[in-house]
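Q: Supplied in structure tokens, the structure appears directly below.
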Amino acid sequence: MTAPLHEPTAEAAPSAADEAALIAGSAEAKAVQGRSLGRIAWERLKRDKLALAGGMVVLVLILIALLAPVIANLVGQDPETHHEDLIDPLFSTPTGSFGGISGDHLFGVEPVSGRDIFARIIYGARISLLVGFLSALVAVVLGTILGVLAGYFGGWIDATVSRVMDGLLAFPQLLFIIALVSVMPNEMLGLTGTGVRLFVMILVIGFFGWPYVGRVVRGQTLSLREREYVEAARSLGAGRFYILFKELLPNLVAPIIVYTTMMIPTNILTEAALSFLGVGVKPPTASWGQMLSAAIDYYESDPMYMVIPGVAIFITVLSFNLFGDGVRDALDPKGSR
Amino acid sequence: MARGTAAGPRAVLAYLIRRLFAAAVMLVVIILVVFGIFFLVPRWAGVDPATMFVGKQADPAAIEAVRQKLGLADPIFAQVWEFFKGLFVGRTYSGGGDVTECAAPCFGYSFRNEQAIWPVLTDRFPVTLGLALGAAFLWLIFGVAAGVLSALKRGSLWDRGAMIIALGGVSLPIYFTGMLSLAIFSYGLGWIDGRYVPLSESFTGWLGGMILPWVTLAFLYAAMYARITRATMMEVLGEDYIRTARAKGLTEPVVIGKHAMRSTMTPILTMLGMDLGALIGGAILTETTFSLPGLGQAVLTAISDKDLPVILGVTLITSLAVIIANLLVDLLYAVIDPRVRLS
Amino acid sequence: MSTQRTTGRRKQAVAAAAVVAALLSTAACGGGNDDDGGGSKTGAAGFDAANNKVAQASLAKKGGTLKFAGAQDADSWDTTRGYYGFMWNFSRYYSRQLVTNKTAPGATGAEVTPDLAEKTAEISDDGKTYKYTLREGSTWEDGKPITSKDVKYGIERAWAQDVLSGGPIYLQQVLDPKKEYKGPYKDKSADKLGLKAIETPDDKTIIFKLPAANSDFEEMLALTSASPVRQDKDTKSKYGLKPFSSGPYKFQSYTPSKGIVLVRNTEWKASSDPVRKAYPDKITVDFFTNANDMDQRLIKGDYDLDIGQTGLSPQGRTTALKQHKANLDNPVSGYIRYAVFPQSVKPFDNEHCRKAVIYGADHESLQTARGGPVAGGDIGTNMLPPSVPGSEGQKYDPYELATANKNGNAAKAKEELKACGKPNGFKTTIAVRNNKPVEVATAESLQASLKKVGITVDIEQFDGAQTTGIIGSPSNVKKKGYGIIIMGWGPDFPSVQGYGLPLWSSDYILESGNNNFALIKDKTIDGLFDSYTKELDDTKKAAISTEINHKVMEGGYYLPFVFEKFINWRSNRLANVYTTDGYSGQYDFVNLGLKK
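Chains as they are written, first to last, in the working numbering: chain A, 1 to 337; chain B, 1001 to 1343; chain C, 2001 to 2596.
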């Protein structure tokens, strides 16, 4: 039992020889990168079929969201018309089988109101993708910048940023959100109606989300900044910001991409919670998260109502993840593929 | 370990004192903000907070009386001061001929049902702690294992399958996976009852009540851990010192288990610190779905009922949990990776 | 290696199949439909068997544990402070009043019957003096007798609004309209019984002296807030955590939002109580935070009934209606769900614009949004609940909401719009509570149908916990432009006063905590309420109620949605079950029994 413990002492801190190899290795990798970073990444990405497929699906989803009115027109449905004649008045669920799926209503109709689910899904894509992606972006940008600064500079910058992150993590966000219900303006910065609400929602979700990214990035930076290649760059007289952006950031790409892609589904669901409380988009505007939360009351009597938005979110997350993985692999300075 | 001892016991102590001081400042700020939101926002919106605590027959005298009783008429700073004073030396509540002594640590009395908050917190804390620790244990084991395997067999069927299952976990809201698990294992198969039983009453009952919440919560978190582990592990495997280690003829389990894992631990630990800290303040959705009488349930009701003393109590506990968890993580950074200095 | 892998994969497939099978078997659970009218295989009494009639009275046995489940705790279990309907119902287990609701099904359950008093009041001819004599043998949980002074003290507590807020204040308004008494905690007299309007010449006699007659006074004395409280057991603001019992059960434990355990009060004597049967030995309440989970456990048989009595949620309702119909009752709740138009918000100052909305709405769609004819209720056609004397139900339908215009009448709506000077429609805002998904659904329905007649509405969800402060403040309503407010209201006691006074009387327009959302200032209506309170004859009282209802409807202040109905669950174990109008169509808790 003791043998393996004694054996690899060198690994806790790489030996001098290893260090030398390390410096040499990363310098080499950098040199390769330096020549044609973008090109190499693109070449690699092109070869990754799954990643490309993921990217294509993301594009298609965005197109669907943009063209929602056109598509809805094509199938002759809109997301706000009630079809109570398709609802069983006793159970409030669609009369047809599989949630009322028919030639007219491709994905069936909603319980209670009988609104067309297909139309609501494609219109809902606008809200869900926008909020899901942009708020993840806000969180990642804030989290990365502040996390790198805190991790690299340490001292009072780290102390301040870290305490703010702790504070935000511990803060009862729901209290803030419910308070927001009462003071939500109808106009703001030239935006009106749904625009204001989307803007506020993206900010709020992003704001409460950045500490999660921030702490991970800070932690990684803490361990990276003492790495030999960073020290080497430093001793060669590289400026702080050069080190930050050219040396550290590329090594943070992996966790950042993972975080971005993983935050999207959470944000889509958070949007639903906010809208439900009255901070988000106003009824009858559709969103995937809103449909999924409404479906809980019919989880057995109308399972299709849950399956459809659930699958929509799942496809989105899956394709973002596949694409994200591909991008990460392509950008990996040490990538062997 | 020579390099790891750069921070002597003295330095560590100084570091801890600095951290504790910063934490105290943070606590005060959070409590101030909570008070501020509670009192200023309704005023801004033109709503009198006192109206939330009178019945549907609210005559002006009653509203004024409630305002006085709950201290809503006092300036915010005075209220915050009273709150902290109560924590350390206790306080006396009096109003309308009703006098109550509240000994330290006094978290006050619920605006809604007048119960003392401190017993509520001590009663509910173990439930939430049990939930968070149990779930964390599961998601760490499954998430990290899945992540490592995925990284080693990247592109394989295993890798893709694990990813799809994990993403399923984050795509579905917890009330959904929770209801589904109840529908299958409790109402359907009847294997477990699924209702919460205190540990003090019956161990098996407690286990039966906690297993579904643990799995449901872990299912949500495991995805994140699996993905992060996979990504970091792949990064690390490309590092030269791993190549060196392999070249030196170390067996694969040693290379992965000791060397690669060590670097992979940093982000996992960071996340664990945050997630545990935040969850100990209450896993609101899980506790609501499974009717677990924990802190999350209490704070949810309190927020929708505007029961400020409960909100303050739970917020304090959450803050402490987050502070302690993150402090531990920062200390562990230095242990795992001796190059990291405490600052 | 390869064989191993196959086994692994096969195992996964088996596991997946097991999950699918489990899902399917859940969906088909029960299978057999146990509805066959009176008495089924499971022992359930049959659909609607306890609605306005007593089901399985003879099967009730002494003993057992009656198990309530609840999705929400009461506002307070303090008899002075509680205002939730189910709290009033449940409080009869541990509190008694001079008079209380009859323990009888349907409308009879809303009549008053003597409880602590030997008989109902001796009322003076001018209707200003009410005298009661207390029954022999009624005791507190420590065995001491309940005196007239305890009753007076219990009533006086309502005056201490600074400590005990939340409960109804009818007695205060009737006995001390000038608010001269400051409540028992500020009472300078030695016995703390300084309220002049109540006299207690001896321990058995209590006399109420009203400054002005009020024909509903005895109804107000039947409310839980008129329960006796013993001075030496009054823990003031903490009383609701452990009330001191005067009824057949006492609190063994209570943890807010977790649960309650009541056990027999051994000092209570059946001979002293003509009302309460006290069948079970023990009564428990467990609170859930997931209503869907709670419904499933009711259906499974883990619990006997829902303490909230507000009906099953959609999933549980569907399962129960399909598989356990014999366990359900479909009572009318006494609530009316409606939209109301504040006259301070333009263009609703013009009655034609109000009527345009009434005609433009699709009433059947609104009913569907409320849950349909069974779970939601019949289309509401006027503003007096069916359980209130003087109501005419759907027979009075001035706007033909349940008949000709049930899907909206666009032509009439346009006409009204023209008369209002807005031929092309207008824009307004619907205010709706954010914690009531069903109300949001009705707002969406209203929005969709009004769009067809040119009225564009924006739905604004406000914080439901702040209802009193947000829509209860007329200045705020005006500022925010809430032209349509979605609400519901039920009678505190079944009379036009107990229902409509706060909604329609100009005296009740308040700066904060207002319930007269429409801001009705109608001399005729005010005058009718005045004559109602002076009238002692029941038939004439009913006639006045009818008239008030008509005046309110003619003004077009309200768009009623439904006369609310619920689908409530009763377990196979329950016996002597019936719904009562005394508690808004809930089961009468106090006399529920178990079969074994």
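Cβ coordinates follow ideal geometry from the N, Cα and C atoms, glycine included. Keep in mind it's a predicted model, so treat the numbers as computed, not measured.
For the region 1069-1084 of chain B, enumerate the residues whose C-beta is nearer than 8 angstroms to any C-beta of chain C, in chain order.
A: Against chain C - using a Cβ distance shorter than 8 angstroms - the residues of the region 1069-1084 of chain B are K1069.
Q: Taking 8 angstroms as the threshold, find out whether the region 2229-2238 of chain C comes into contact with the region 2118-2125 of chain C through three or more Cβ pairs.
A: No: fewer than three Cβ pairs fall under 8 angstroms.
Q: In terms of residue numbering, what span does the beta strand (DSSP E) encompassing K2565/C cover?
A: As a working mapping, residue 2565/C is identified with position 565 in the third sequence. It spans Y2558 to K2565 - the beta strand (DSSP E) in which K2565/C sits, taken as one unbroken run.
Q: Helix, strand or coil for I2520/C per DSSP?
A: One-based indexing of the third sequence puts residue 2520/C at position 520. In this structure, I2520/C counts as coil in the three-state DSSP scheme.
Q: Give me, in chain order, the residues of the same chain whose beta-carbon lies closer than 7 angstroms to that of D2073/C; leave out the 5 immediate sequence neighbours on both sides.
A: Here the question's residue 2073/C lines up with position 73 in the third sequence. Same-chain partners within the cutoff: P2256, S2257 and F2287.
Q: Could you check whether K2551/C and T2524/C sit closer than 7 angstroms to each other, using their CB atoms as the reference points?
A: As a position in the third sequence, residue 2524/C is number 524, starting the count at 1. As a position in the third sequence, residue 2551/C is number 551, starting the count at 1. It is a contact, given that the beta carbons lie within the stated cut-off.
Q: Any beta carbon from chain A within less than 7 angstroms of Q2315/C's own beta carbon?
A: Here the question's residue 2315/C lines up with position 315 in the third sequence. Closer than 7 angstroms to some Cβ of chain A, the Cβ of Q2315/C qualifies, so yes.
Q: Give a single yes or no on whether G1096/B has its beta carbon closer than 6 angstroms to a heavy atom of the ligand SAH.
A: This structure simply doesn't include the ligand SAH, nor any ligand for that matter.
Q: Here's the rule: buried if 16 or more other CB atoms are within 10 angstroms of the residue's CB, otherwise exposed. What is I2169/C?
A: As a first step, residue 2169/C must be located in the third sequence, where it is residue number 169. Counting Cβ neighbours within 10 Å, I2169/C comes out buried, since at least 16 surround it.
Q: Sorted by chain position, which residues of the same chain lie with C-beta nearer than 6 angstroms to D48/A's C-beta, five sequence neighbours on each side aside?
A: Along the first sequence, read from residue 1 onward, the residue named residue 48/A stands at position 48. The residues are G326.
Q: To the nearest angstrom, report how far apart A2050/C and V2577/C are at their CA atoms.
A: Numbered from its first residue, the third sequence carries residue 2050/C at position 50. Numbered from its first residue, the third sequence carries residue 2577/C at position 577. Cα to Cα, the separation comes out at about 6 angstroms.
Q: Name, in chain order, the residues that DSSP records as bridge partners for I2379/C.
A: Here residue 2379/C corresponds to residue number 379 of the third sequence, with the count starting at 1. The partner list for I2379/C (beta bridge, DSSP) reads V2562/C.
Q: Since I believe N2434/C is in contact with Q2461/C (beta carbons under 8 angstroms), could you give me their beta-carbon distance rounded to a whole number of angstroms?
A: Taking the third sequence and counting its residues from 1, the one referred to as residue 2461/C is at position 461. Taking the third sequence and counting its residues from 1, the one referred to as residue 2434/C is at position 434. At roughly 4 angstroms, the Cβ-Cβ gap stays under 8 angstroms, so Q2461/C and N2434/C are in contact.
Q: Cβ of E231/A less than 7 angstroms from any chain C Cβ?
A: Here residue 231/A refers to the residue found at position 231 when the first sequence is read from its first residue. It does not; no Cβ of chain C falls within 7 angstroms.
Q: In chain A, which residues lie less than 9 angstroms from N1113/B when you measure between Cβ atoms?
A: Counted from its first residue, the second sequence places residue 1113/B at position 113. Per Cβ cutoff of 9 angstroms: no residues; N1113/B is ~19 angstroms from chain A at best.
Q: State the beta-bridge partners of S2253/C as determined by DSSP.
A: Taking the first residue of the third sequence as 1, we reach residue 2253/C at position 253. According to DSSP, which records beta bridges pairwise, S2253/C is partnered with V2261/C.
Q: Residues of the region 1196-1221 of chain B in Cβ contact with chain A at a cutoff of 7 angstroms, in chain order, please.
A: Cβ contacts with chain A come from no residue of the region 1196-1221 of chain B.
Q: Which residue or residues does DSSP assign as beta-bridge partners of D2284/C?
A: By one-based count along the third sequence, residue 2284/C stands at place 284. Looking at the sequence shown, residue 2284/C is not Asp but Thr. Bridge partners of T2284/C: K2067/C and V2261/C.
Q: What residues from chain B crowd round K2179/C, counting only those whose CB sits closer than 8 angstroms?
A: Stepping through the third sequence from its first residue, residue 2179/C is reached at position 179. Here the neighbours are A1061.
Q: Would you decide whether S2165/C is buried or exposed? Buried here means 16 or more other CB atoms lie within 10 Å of its CB.
A: Position 165 of the third sequence, counted from the first residue, corresponds to residue 2165/C. So S2165/C ends up on the buried side.
Q: Which whole runs of the beta strand (DSSP E) in the region 1221-1266 of chain B are 3 residues long or more, in chain order?
A: Whole beta strand (DSSP E) segments, 3+ residues: zero.
Q: Tell me the rounded alpha-carbon separation between S2025/C and L1189/B.
A: For the purposes of this step, residue 2025/C is taken as the residue at position 25 of the third sequence. For the purposes of this step, residue 1189/B is taken as the residue at position 189 of the second sequence. Confidence is the limiting factor: at S2025/C the pLDDT is only 40, short of 50, which leaves the residue's position unreliable, though a coordinate-based value still follows. Whole-angstrom Cα-Cα distance: 8 angstroms.
Q: With a threshold of 6 angstroms on Cβ separation, who are the neighbours of G2488/C within its own chain once the five nearest residues in sequence on each side are excluded?
A: Sequence index remark: in the third sequence, residue 2488/C carries index 488 (1-based). These residues qualify, in order along the chain: Y2335 and R2337.
Q: Considering only residues of the region 2086-2140 of chain C, which uninterrupted beta strand (DSSP E) runs meet the minimum length of 3 residues and lie entirely inside it, listed in chain order?
A: List check, beta strand (DSSP E) in window: 2099-2101, 2112-2114 and 2129-2133.
Q: Of all Cβ atoms in chain F, is any one closer than 7 angstroms to the Cβ of F107/A?
A: Absent from the structure is chain F; the protein chains it does hold are A, B and C.
Q: Is L1157/B buried or exposed, if buried means 16 or more other CB atoms sit within 10 Å of its CB?
A: Within the second sequence, the letter at position 157 stands for residue 1157/B. Classification of L1157/B: exposed, given that the 10 Å Cβ count is below 16.
Q: Could you say which of G2390/C, V2388/C and A2361/C lies nearest to I2379/C if we only look at CA atoms?
A: Counted from its first residue, the third sequence places residue 2379/C at position 379. Out of G2390/C, V2388/C and A2361/C, A2361/C has the C-alpha closest to the C-alpha of I2379/C.
Q: Count the other C-beta atoms from every protein chain shown that fall within 10 angstroms of the C-beta of D2126/C, then say buried if there are 16 or more, exposed otherwise.
A: Along the third sequence, one-based indexing puts residue 2126/C at 126. Classification for D2126/C: exposed.
Q: Identify which residue in V258/A, L106/A, I268/A and F176/A has its Cα closest to the Cα of L1040/B.
A: The sequence position of residue 1040/B within the second sequence is 40, counting from 1. The residue with the shortest Cα to Cα distance from L1040/B is F176/A.
Q: Show which residues of chain C have a CB atom less than 7 angstroms away from the CB atom of Y298/A.
A: Indexing the first sequence from 1 puts residue 298/A at position 298. Correct list: P2314 and Q2315.
Q: Within the same chain, show all residues whose beta-carbon is closer than 7 angstroms to that of H2352/C, passing over the 5 residues directly before and after it, in chain order.
A: Position 352 of the third sequence, counted from the start, is the residue given in the question as residue 2352/C. Answer for H2352/C: E2416, A2419 and C2420, listed in chain order.
Q: Could you say which of W2504/C, G2483/C and T2289/C lies nearest to V2345/C if we only look at CA atoms?
A: Counting from one through the third sequence, the residue named residue 2345/C turns up at place 345. Checked all of W2504/C, G2483/C and T2289/C; the closest Cα to V2345/C is G2483/C.
Q: Thinking just about the alpha-carbon of each residue, which of L252/A, G96/A and T270/A is nearest to the one in V141/A?
A: Numbered from its first residue, the first sequence carries residue 141/A at position 141. That would be L252/A, whose Cα lies nearest to the Cα of V141/A.
Q: By Cβ distance, which residues of its chain are closer than 7 angstroms to M2553/C, with the 5 residues on each side in sequence left out?
A: In the third sequence, the residue the question calls residue 2553/C occupies position 553. Contacts found: N2382, M2383 and P2398.
Q: Quick check on DSSP: helix, strand or coil for I1192/B?
A: Translated into positions along the second sequence, residue 1192/B becomes position 192. In the structure shown, I1192/B sits in coil (DSSP, three-state: anything other than H, G, I, E or B).
Q: Is Y2396/C helix, strand or coil when you go by DSSP?
A: Within the third sequence, numbered from 1, the residue matching residue 2396/C stands at position 396. In this structure, Y2396/C counts as coil in the three-state DSSP scheme.
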